[in-house]
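Trainee: This is the structure, below, for whatever I ask next.
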Ligand SMILES: CC(C)(COP(=O)(O)OP(=O)(O)OC[C@H]1O[C@@H](n2cnc3c(N)ncnc32)[C@H](O)[C@@H]1OP(=O)(O)O)[C@@H](O)C(=O)NCCC(=O)NCCS
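Residue numbers (this note's numbering): 39 to 171.
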């Protein structure tokens with residue numbers, strides 16, 4: 039499996055998959071194309087044999103110089119629990135550290151128990167805000 043930076047064309051592959059990957063929740067409108075254009079340096083794709091199996095969209099906060107933010111992370115349902123989400127997070131952590139940031143924030147929904155379990159394991163729970171997102 040390879041990790042690479044996001045490209046704007048990835049939007050057209052990923053956007054139609056999001057609602058399915060999120061278990062039928064209507065989430066794709068929360069990830070417009072601008073994220074694939076303006077956050078390429080801090081957003082990553084996991085690829086296996088040329089197929090996208092995971093992605094992370096994040097950015098460095100414009101407002102808080104110590105902070106970075108993960109907006110979306112998703113792994114293909116058939117490839118979960120194989121460490122892909124963790125690899126994407128580690129890639130993001132490395133880049134934010136290089137940019138002098140030491141706080142990573144994210145928001146997830148209280149209904150998303152898998153996301154809460156994952157973020158707890160990733161050690162970012164203190165900075166995980168639960169909202170109806
Ligand atoms: C959340 C998600 C990205 C996790 O990706 P993943 O590749 O399956 O996660 P990993 O295999 O890297 O797991 C990392 C850790 O989280 C734990 N974890 C992952 N899924 C879990 C689950 N369903 N229940 C409990 N723990 C879980 C793993 O056991 C692992 O712990 P470890 O480090 O002690 O081994 C994936 O389930 C997903 O895409 N869910 C749908 C989209 C979503 O809700 N995204 C998050 C909100 S933006």
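For glycine and all other residues, C-beta sits at the position ideal for the given N, C-alpha and C.
Remember, it's a predicted structure, so these values are computed and weren't measured experimentally.
Please list, following the chain, all residues that have a C-beta closer than 6 Å to any non-hydrogen atom of ligand 1.
Mentor: Any residue whose Cβ sits closer than 6 Å to a heavy atom of ligand 1 makes the list: 59, 60, 110, 111, 112, 113, 118, 119, 120, 121, 122, 123, 124, 146, 150, 152, 153, 155, 156, 159.
Trainee: Where DSSP assigns a beta bridge to residue 92, which residues make up the other side?
Mentor: Paired residue(s): 84, 113.
Trainee: Please state whether DSSP places residue 153 in a helix, a strand or coil.
Mentor: The answer is helix: DSSP assigns residue 153 an H, G or I state.
Trainee: Can residue 115 be considered in contact with ligand 2, in the sense that its beta carbon sits closer than 8 Å to one or more heavy atoms?
Mentor: Only ligand 1 can be found as ligands here, which leaves ligand 2 out of the picture.
Trainee: Give me whichever residues DSSP pairs with residue 167 in a beta bridge.
Mentor: Note: residue 167 sits in a beta bridge opposite 145.
Trainee: Taking one C-beta from the region 64-74 and one from the region 114-121 each time, how about it: are there three or more such pairs within less than 8 Å?
Mentor: Verdict: no, contact absent.
Trainee: How many angstroms separate the CA atom of residue 156 from the CA atom of residue 114?
Mentor: So the two alpha carbons sit approximately 15 Å from each other.
Trainee: Using the DSSP secondary-structure output, state which residues sit across from residue 98 in a beta bridge.
Mentor: DSSP lists 106 as partners of residue 98.
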